[in-house]
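Asker: So the sequences go chain by chain: P and U. Quick note on numbering: this note's numbering labels position 143 of the first sequence as 124, and the sequence is numbered without any gaps. Quick note on numbering: this note's numbering labels position 273 of the second sequence as 254, and the sequence is numbered without any gaps.
Protein chains: 2
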Amino acid sequence: MKTYQVVGIGNAMVDVLTRADDAFLAEAGIEKGIMQLIDMDRAVELYSRVGPAEEISGGSAANTIAGIAHLGGRCAYVGKVKDDQLGAIFAHDLRAQGADYATAMAPKDHAHETGRCIVIVTPDGERSMNTYLGVTEFLEPSDIDPHQMAQAEWIFLEGYRFDGPDSHAAFAKAINACKPHGGKVSITLSDPFCVERHRDAFRLMIREDVDLLFANRAEIMSLYRTEDFAAARAAAGREVEVVVATDSENGVYVMNGGGEVHVPAVPTHVVDATGAGDLFAGAFLWGLSEGHPLEICARMGNVAASEVISHIGARVQADLKALFARHGLL
Amino acid sequence: MKTYQVVGIGNAMVDVLTRADDAFLAEAGIEKGIMQLIDMDRAVELYSRVGPAEEISGGSAANTIAGIAHLGGRCAYVGKVKDDQLGAIFAHDLRAQGADYATAMAPKDHAHETGRCIVIVTPDGERSMNTYLGVTEFLEPSDIDPHQMAQAEWIFLEGYRFDGPDSHAAFAKAINACKPHGGKVSITLSDPFCVERHRDAFRLMIREDVDLLFANRAEIMSLYRTEDFAAARAAAGREVEVVVATDSENGVYVMNGGGEVHVPAVPTHVVDATGAGDLFAGAFLWGLSEGHPLEICARMGNVAASEVISHIGARVQADLKALFARHGLL
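#1: Look at the alpha carbon of P:Val223 and the alpha carbon of P:Cys159, and state the distance between them as a whole number of angstroms.
#2: Going by Cα to Cα distance, which pick from P:Leu27, P:Leu75, P:Glu107 is closest to P:Val385?
#3: Given a cut-off of 9 Å on the beta-carbon distance, is the pair P:Leu301 and P:Ala285 in contact?
#4: For U:Met94, would you say it is in contact with chain P, using Cβ-to-Cβ distances shorter than 9 Å as the test?
#5: Excluding the 5 residues preceding and the 5 following U:Ile265 in the sequence, name in chain order all residues of the same chain whose CB lies nearer than 7 Å to its CB.
#6: Considering P:Asp(-4), what are the terminal residues of the beta strand (DSSP E) in which it resides?
#7: Mapping the DSSP letters down to three states, classify U:Arg55 as helix, strand or coil.
#8: Where U:Arg307 and U:Glu288 are concerned, what is the direct C-alpha to C-alpha distance, given to the nearest angstrom?
#9: Give the straight-line distance between the Cα atoms of P:Met130 and U:Thr(-1), rounded to the nearest whole angstrom.
#10: Bridge partners of U:Phe137, per DSSP?
#11: My guess is that P:Gly79 and P:Thr45 are in contact by the Cβ rule of under 8 Å, so how many angstroms apart are they, rounded?
#12: Just to confirm, is the Cβ distance from U:Gly140 to U:His179 under 9 Å?
#13: Look at the Cβ atom of P:Gly256, then the Cβ atom of P:Ala295, and state whether they are nearer than 9 Å.
#14: On the criterion of 16 or more Cβ atoms from any shown chain inside 10 Å, does U:Pro248 qualify as buried, or is it exposed?
#15: Quick check on P:Glu121: does DSSP put it in helix, strand or coil?
#16: Measure the CB-CB distance between U:Trp267 and U:Gly60 and report whether it falls below 9 Å.
#17: Under 8 Å Cβ to Cβ from U:Thr103, same chain only, skipping five residues before and after it: list those, please.
#18: May I ask you to list the residues that DSSP assigns as paired with U:Ala87?
#19: Cα separation between P:Phe174 and U:Val235?
#20: Whose C-beta lies closer than 6 Å to the C-beta of U:Asp81 among residues of the same chain, with five residues either side of it excluded?
#21: If the cut is a Cβ gap below 9 Å, which residues of chain U does P:Gly40 touch?
#22: Buried or exposed for U:Arg214, please, with buried defined as at least 16 other CB atoms from any protein chain shown within 10 angstroms of its CB.
#23: Could you check whether U:Ile49 and U:Gln(-14) sit closer than 9 Å to each other, using their CB atoms as the reference points?
#24: Label P:Gly10 either buried or exposed according to how many other C-beta atoms from any shown protein chain fall within 10 Å of its C-beta, with 16 as the threshold for buried.
#25: Could you check if U:Leu204 belongs to the surroundings of the ligand NAD, using beta carbon to heavy atom distance under 8 Å?
#26: Report the three-state DSSP secondary structure of P:Tyr28 (helix, strand or coil).
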């Protein structure tokens, strides 16, 4: 048995969660519903304009791994924070959830701080993310422990992490340490604009190395440059063993071996959409590594997503296994 | 018209909110339902043992002032943080709510950090607080601006702030700058053990300077060394113009000019009791400075308390004025 069911690699972030209306987004020049990268000056300026906030550990792949840890899965996370107060908060929350986390912190004298994401939640529950990457942009190959990757049944790569000078090399090191030992590679595209920025790198990695692709409607259509969601899924299905394409309240499509099943979403009142995709992936990967059929994994993912969007913050609060049992999945 | 309806002075804290059961409290040596002071070593040790957390600005008087700002009241806060990430969070949240906040930050090289309170919420909604005061203990007379205090209709003193080497002198400076200009003094006893530690200082200040006393059942009985709640209220009523004694779900007693009225609590499902007393005081003081009768102020306080205990965190989330209107108070 390998030490880890899943090892995730991504941007280590603390979320700064605040509420505002659409007029504020327009006035502040924030594009609704997506992730936009901002620098420290913009982070300071924007923070000075938003209302009172709550700080909750986030980061897309970190949310996924926290979900797997919550489910009792054996998992670890790789992502860089600084040796500062926000870095300590991030590390605490992940370890306290039960995930291994040993990435070296950037030292106190590093020019940048721990990354943070100013998440503005509008009354419709949609979130608009403004990300100051900080030190997490500087994850490099030396942060990847090949022994850890060799001990992973699955590695889970966060698409956002394609931004940053040494990230592609870090991903390559992780893949090359994992696959020869029988491990498999999963990736999430993260964001349509991130796909735009790195389409060729995504396409190459997906063709060559990826066994399981997570993407939502906008991301997979961006990847294959098509306005046709079904065509994009079909294109992905020709390149990857398992394709999991989410479509918000319209549910999920799972493609494997030429066949495709549709799994409806779990109806929920959306309070804060942050983390829906992350927790979907966490529950899906956990189910898969526990030996459940793909359709059950997708249903677990939908239940987990519905939990995390029912409250503020992208980390799970309710007992997911109990929810799975209530839905007849365990 | 004075610049401020209320200026609050207290311990500036960021709350670290986490959930645990009673067995954890017992095992970790935490006394349930009260505030206990801890040093940095204990803070680090305890933090390493608790589960994932959320960080939300807190501090008793700061919660009160944030509530007044939320209501549109003219208000300011005095309390010390450090120039670090948690200090920036605290300052942001208070200013973003609309309160003036200009206390000098302790410099980056100060030996202590911004204060934090590890708040452990048990399934019954009760909170057990573990406070590392950090730099907020070092509020001193030079942090009190006499011109600001002269511009306050009310000052609001947090009992917790009686801990710390220069705090009594700082309070005296605030009182002496406020009262000669027609301002009035309110105080909250904060905690029965805090009363134990500083009973003589509390008693002297209450007799000599306090116009409005906030206390809960345990605190006022500790202050007057009696097991009889009614006797304690009567004793306070002989020394202070207005006595407001809260008794959790049993409501509030307001004593003034020899008469006493009882105002029932607003029934609520308790999620997290943190901040109930703070928001009660905020709504009460706001109502008073807006010219409402004492009984209406108490009912406003009860509505505000019921809002803050219905969710995690000690800052108000719903629209309090709308709630007051729904209860026929505005």
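Cβ atoms here follow ideal geometry from the backbone N, Cα and C, with glycine treated the same way.
Answerer: Based on what the coordinates show:
#1: Here the question's residue 223 of chain P lines up with position 242 in the first sequence. Here the question's residue 159 of chain P lines up with position 178 in the first sequence. Rounded to whole angstroms, P:Val223 to P:Cys159 spans 18 Å at the Cα level.
#2: Since the first residue shown for chain P is -18 and the last is 311, residue 385 of chain P is missing from the structure and cannot be characterised.
#3: Position 320 of the first sequence holds residue 301 of chain P. Position 304 of the first sequence holds residue 285 of chain P. Yes; because the gap between Cβ atoms is below 9 Å, this pair is in contact.
#4: Numbered from its first residue, the second sequence carries residue 94 of chain U at position 113. The sequence given here has Glu at residue 94 of chain U, not Met. So yes, U:Glu94 belongs to the interface.
#5: In the second sequence, the residue the question calls residue 265 of chain U occupies position 284. Looking at the sequence provided, one finds Phe at residue 265 of chain U rather than Ile. Excluding positions up to five away in sequence, the list reads Val225, Cys278, Ala279, Met281, Gly282.
#6: If you number the first sequence from 1, residue -4 of chain P lands on position 15. Looking at the DSSP string, the run of the beta strand (DSSP E) that includes P:Asp(-4) is -5 to 0.
#7: Along the second sequence, read from residue 1 onward, the residue named residue 55 of chain U stands at position 74. If DSSP states are grouped into helix, strand and coil, U:Arg55 belongs with coil.
#8: Taking the first residue of the second sequence as 1, we reach residue 307 of chain U at position 326. Taking the first residue of the second sequence as 1, we reach residue 288 of chain U at position 307. Going from the Cα of U:Arg307 to the Cα of U:Glu288 covers about 13 Å.
#9: Against the first sequence, residue 130 of chain P aligns to sequence position 149. Against the second sequence, residue -1 of chain U aligns to sequence position 18. Computed Cα separation, rounded: 32 Å.
#10: Position 156 of the second sequence, counted from the start, is the residue given in the question as residue 137 of chain U. Its beta-bridge partners are U:Gly(-11), U:Ser167.
#11: For the purposes of this step, residue 79 of chain P is identified with residue 98 of the first sequence, where counting begins at 1. For the purposes of this step, residue 45 of chain P is identified with residue 64 of the first sequence, where counting begins at 1. Contact doesn't hold; Cβ gap of about 14 Å is too wide.
#12: Counting from one through the second sequence, the residue named residue 140 of chain U turns up at place 159. Counting from one through the second sequence, the residue named residue 179 of chain U turns up at place 198. The answer is yes: Cβ separation under 9 Å.
#13: Position 275 of the first sequence, counting from 1, holds the residue named residue 256 of chain P. Position 314 of the first sequence, counting from 1, holds the residue named residue 295 of chain P. In contact: P:Gly256 and P:Ala295 (Cβ atoms closer than 9 Å).
#14: As a first step, residue 248 of chain U is located in the second sequence; it is residue number 267 there, counting from the start. Counting Cβ neighbours within 10 Å, U:Pro248 comes out exposed, since fewer than 16 surround it.
#15: The sequence position of residue 121 of chain P within the first sequence is 140, counting from 1. Reduced to three states, the DSSP call for P:Glu121 is coil.
#16: Against the second sequence, residue 267 of chain U aligns to sequence position 286. Against the second sequence, residue 60 of chain U aligns to sequence position 79. No, the pair does not count as a contact, with Cβ atoms beyond the cut-off.
#17: Walking along the second sequence from the start, residue 103 of chain U turns up at place 122. Taking U:Thr103 as the centre and dropping the five residues before and after it, the same chain places the C-beta of Arg0, Ala1, Asp2, Asp3, Leu6, Lys13, Ser109 closer than 8 Å to its C-beta, in chain order.
#18: Sequence index remark: in the second sequence, residue 87 of chain U carries index 106 (1-based). Beta-bridge pairing links U:Ala87 to U:Lys63.
#19: Taking the first residue of the first sequence as position 1, residue 174 of chain P is located at position 193. Taking the first residue of the second sequence as position 1, residue 235 of chain U is located at position 254. Rounded to whole angstroms, P:Phe174 to U:Val235 spans 59 Å at the Cα level.
#20: For this step, residue 81 of chain U is matched to residue 100 along the second sequence. Ala57, listed in sequence order.
#21: Taking the first sequence and counting its residues from 1, one reaches residue 40 of chain P at position 59. Here the premise fails: no neighbours, minimum Cβ distance about 13 Å.
#22: Taking the first residue of the second sequence as position 1, residue 214 of chain U is located at position 233. Buried.
#23: Within the second sequence, numbered from 1, the residue matching residue -14 of chain U stands at position 5. Within the second sequence, numbered from 1, the residue matching residue 49 of chain U stands at position 68. Cβ atoms of U:Gln(-14) and U:Ile49: closer than 9 Å.
#24: Here residue 10 of chain P refers to the residue found at position 29 of the first sequence. Looking at its Cβ environment, which holds fewer than 16 other Cβ atoms inside 10 Å, P:Gly10 is exposed.
#25: Here there are no bound small molecules, and the ligand NAD is not part of this structure.
#26: Counting from one through the first sequence, the residue named residue 28 of chain P turns up at place 47. DSSP places P:Tyr28 in the helix class (H, G or I) of the three-state scheme.
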